[in-house]
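These notes are about the structure you will find just below.
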């Protein structure tokens, strides 16, 4: 019951801010170079029938 | 012209930055040269991105992108004539941070000789549960105009609406994951005005003839993707990604990727493999049995069954150390990336050889990045 009440009052973060040093390392950035990832997504999108769901997508191809 | 309108907005939301709602993205500038060579097509050009905070609550971003296209693709050489063209795209965006909430607006404009696209977008991100979770909602509206370079009177509109929801979750000290769902609806003129379909014609010397393709005027797609990145004990990272896709044209697709990141002194090396497979749209045929065989008809290889493999390597060198800086620049990197793209189309005949078509392409990116 205490846990439920505590849950209603807010979830306790199980990874403390001072424990996030590894996650803050640049090698852990999910999109370290947006200009590059955006470009590659539009390379794929122009040549495949699928799109979206990757958190980002790009435009343009010259694909005729 | 572009065969299919693209997610300009969501691309720009990606440019808009990180996975943390309560922190504005870093001020940075990128200058990139990109090159794609494959299947008789050469596309290259620059992309320039500048992002800058104003005060403690606002961040502005702008991007200018150009494609110089020279095309003698399999579609062009069998149905038309080789051509060159230029596409210019620019984007402007703003992020507003208030507490743990970031609101983003943006606008993207793309122009070429026979295709214009405008996209307006809005997104809200909220950090939750002690900043372990970031929830993002996004919406975009796209307005396209399709023309023909050989017919000044031809002008057809298409519109698009996109809805996205994403969750980025810190799972452990070493593991972060993100889940994204996007649904998009297209309406209007969705096919390529230049392309045709083949049909059997015993009266033709080749045994077949051509007629214009006809696409449905609506399309709705759904995509669900998940990515997870793990910090390895010796300071390296590995990422897995999977995406499932389905749409009302009966295309079902599956994409999977694995990536490895390894820093070494001022260098960072990355290797990646990506796979994508899909079946064909219900109105796709390599060759139809007769003219006007079905209400909707298409022979775009992008809508056929295909299997795509990409092998990627990249190296990044940090030439301005973040602990020392240089004038107003805090950090600087230069990056070279190479991607080898192999796509097999088992239901699309290469009319030059008689076998099934295979596309091999080389993609190169060179860019310099500054943080200030």
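Chains as they are written, first to last, in the working numbering: chain X, 20 to 83; chain S, 139 to 510. Each residue gets a CB set at the ideal place from its N, CA and C atoms; glycine is no exception.
- The beta carbons of residue 260(S) and residue 230(S) sit no closer together than 9 Å.
- Here residue 165(S) really is in contact with residue 191(S); their C-beta atoms are around 6 Å apart, less than 8 Å.
- When beta bridges are read from the DSSP output, residue 417(S) appears opposite no residue.
- Per the C-alpha coordinates, the member of 454(S), 365(S), 217(S), 162(S) positioned closest to residue 490(S) is 217(S).
- In the structure shown, residue 456(S) falls within a strand segment according to DSSP collapsed to helix, strand and coil.
- Nearest CB-CB separation between residue 461(S) and chain X: not below the 9 Å threshold.
- Secondary structure of residue 56(X) (DSSP, three-state): helix.
- In its chain, beyond the 5 residues on either side, 448, 450, 501 have a beta carbon closer than 6 Å to the beta carbon of residue 477(S).
- Two segments are said to touch when three or more pairs of C-beta atoms, one from each, lie closer than 8 Å; by this definition the region 266-284 of chain S does not touch the region 45-61 of chain X.
- Counting only runs of 3 or more residues that sit fully inside the region 184-254 of chain S, the beta strand (DSSP E) segments are 196-209, 221-236, 239-250, in chain order.
- In the same chain as residue 346(S), and ignoring 5 residues on each side of it, the C-beta atoms closer than 8 Å to its own belong to 336, 337, 338, 339, 425, in chain order.
- In terms of beta-carbon proximity, residue 261(S) stays away from the interface with chain X, with every pair separated by 9 Å or more.
- Collapsing the DSSP output to three states places residue 400(S) in a strand.
- About 6 Å separates the CB atoms of residue 375(S) and residue 47(X); that is less than 8 Å, so the two are in contact.
- Taking a cut-off of 8 Å for Cβ pairs, the region 320-329 of chain S and the region 298-306 of chain S touch, as three or more such pairs fall below it.
- In this structure, the CA atom of residue 508(S) is about 44 Å from the CA atom of residue 388(S).
- Three or more Cβ pairs closer than 8 Å define a contact, and the region 349-361 of chain S meets that threshold against the region 326-334 of chain S.
- Interface criterion met: the Cβ of residue 363(S) is under 9 Å from a Cβ in chain X.
- When C-alpha distances from residue 481(S) are compared across 380(S), 302(S), 498(S), the shortest belongs to 498(S).
- Nearest neighbour of residue 176(S) by Cα position, chosen from 292(S), 405(S), 211(S), turns out to be 211(S).
- For residue 424(S), there is no enclosing beta strand (DSSP E), as DSSP marks it with neither H nor E.
- Minimum Cα-Cα distance from residue 251(S) among the listed residues 236(S), 245(S), 225(S), 276(S) corresponds to 225(S).
- Sequence-distant partners of residue 277(S) (beyond 5 residues in either direction) whose C-beta falls short of 8 Å from its own C-beta, in its chain, are 259, 260, 261, 299, 300, 301, 302.
- With a cutoff of 9 Å on beta-carbon distance, residue 58(X) and residue 503(S) are scored as near each other.
- DSSP places residue 172(S) in the uninterrupted beta strand (DSSP E) bounded by 166-176.
- Residue 505(S): member of the beta strand (DSSP E) spanning 494-509, first to last residue.
- In this structure, the straight-line span from the alpha carbon of residue 64(X) to that of residue 183(S) is close to 18 Å.
- For residue 170(S), the C-beta contacts it makes with chain X under 8 Å involve 54, 55, 58, in order along the chain.
- For residue 354(S), the CB contacts under 6 Å within the same chain, skipping 5 residues up- and downstream, are 434 in chain order.
- Per the coordinates, the alpha-carbon of residue 342(S) lies some 17 Å from the alpha-carbon of residue 492(S).
- For residue 338(S), the uninterrupted beta strand (DSSP E) segment begins and ends at 334-338.
- Contact residues of the region 30-44 of chain X toward chain S are 30, 31, 32, 33, 34, 35, 36, 38, 39, 40, 41, 42, 44 (C-beta to C-beta distance below 9 Å).
- For residue 359(S), the uninterrupted beta strand (DSSP E) segment begins and ends at 356-370.
- Chain-order list of chain X residues neighbouring residue 505(S): 52, 54, 55, by C-beta distance under 9 Å.
- Burial is judged here by how many other beta carbons sit within 10 angstroms of a residue's own beta carbon; residue 318(S) has at least 16 and is buried.
- Within the region 262-303 of chain S, the runs of beta strand (DSSP E) that reach at least 3 residues and sit entirely inside it are, in chain order, 271-286.
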